[in-house]
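Encoded as structure tokens, the structure appears first; notes follow it.
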Ligand code: PEP
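In the numbering used here, the protein residues as written are 19 to 267.
Given below as structure tokens:
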């Protein structure tokens, strides 16, 4: 039985004041004890959030990490080693905004995954097709390619502690959501790709759905057999909405 997980990607939002308010509101939300809840603030707010959430049940992660694993002359970068040292447990890798706006290739995503994994930071690997790929019937090819490009290099064992997030690019921040059936089809395909290499690891792998998840659509999405929770963008910035999504998991 896979434990459900809900992660909130705050993206480039918030000030110290608004982040403190959001954390304050999250702390009074009733969050289910059988769901792993994670928040992913901007890197400049990580220390503040880690300190404010200390001793609680909400884990903290980063939205990105460097391809470089340790220390060195890489101005502006933050390594998995540093994020782990700070207290982060998770890191997003390959979010579609990083892939499209910052030209991250599958190779770069793979190096970030590897840097995170070897330094004890659990990666949440984001994969997903564009609208064009879906319209051309290439959804499963696109997602498998993104997944296999990492699996080929890091090996399936690295997925023991990782999570995959299926996020159709056309559904992110657009208000459009994959239907529960569309999500289930891709989640099952992702699990099958991993199962070809190791059925046990595939069976335990958590696959989150992301793309305009709200409290109104979360119950049905999370009820699908291969949907193990969600990666939430916009709706994670409202504590009551995020809390409701966590309770739907
Ligand atoms: C995301 O950016 O990971 C995301 C799922 O965003 P939204 O929920 O706003 O579509």
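Don't be surprised by glycine CBs; every beta carbon is placed ideally from N, CA and C. Note that this is a predicted model, so its numbers are computed, not measured.
In terms of Cα proximity to residue 247, the closest of 259, 256, 264 is 264. Under the criterion of beta carbons closer than 8 Å, residue 84 and residue 124 do not qualify as touching, at roughly 17 Å. The C-beta distance from residue 133 to residue 97 rounds to 7 Å, short enough to fall under 8 Å. Residue pairing for residue 144: DSSP places it in a beta bridge opposite 183. Distance from the CA of residue 251 to the CA of residue 118, rounded to the nearest whole angstrom, comes to 17 Å. Ranked by Cα distance from residue 21, the options 29, 181, 100, 214 are led by 181.
Put simply, the segment 233-245 does not touch the segment 25-39. Fewer than three CB pairs are less than 8 Å apart.
When distances are taken from the beta-carbon of residue 226 to the heavy atoms of the ligand PEP, even the shortest one reaches 7 Å or more.
Look at residue 21 here: in three-state DSSP terms it is coil, with no helix or strand label. Rounded to the nearest whole angstrom, the CA to CA distance from residue 201 to residue 259 is 21 Å. A direct Cα-Cα distance of roughly 11 Å separates residue 234 from residue 253. A distance below 8 Å separates the beta carbons of residue 145 and residue 161. The C-beta distance from residue 196 to residue 249 rounds to 13 Å, too long to meet the 8 Å contact threshold.
Under the DSSP assignment, residue 54 falls in the beta strand (DSSP E) whose first and last residues are 53-58.
Taking the Cβ of residue 191 as the reference point, at least one heavy atom of the ligand PEP falls within a distance shorter than 7 Å.
In the structure shown, residue 77 falls within a strand segment according to DSSP collapsed to helix, strand and coil. In the displayed model, residue 247 falls within a strand according to three-state DSSP. In the DSSP assignment, residue 109 is bridged to 80, 141.
With a cut-off of 7 Å, the C-beta of residue 263 is classified as distant from the ligand PEP, since no heavy atom of the ligand falls inside that distance. Residue range 224-228 is occupied by the beta strand (DSSP E) that includes residue 228. Unbroken alpha helix (DSSP H) runs of no fewer than 4 residues, entirely contained in the segment 188-218, are found at 198-213, following chain order. Here the distance from the Cβ of residue 27 to the nearest heavy atom of the ligand PEP is below 7 Å. Of the candidates 127, 50, 68, 76, 127 places its Cα closest to the Cα of residue 87.
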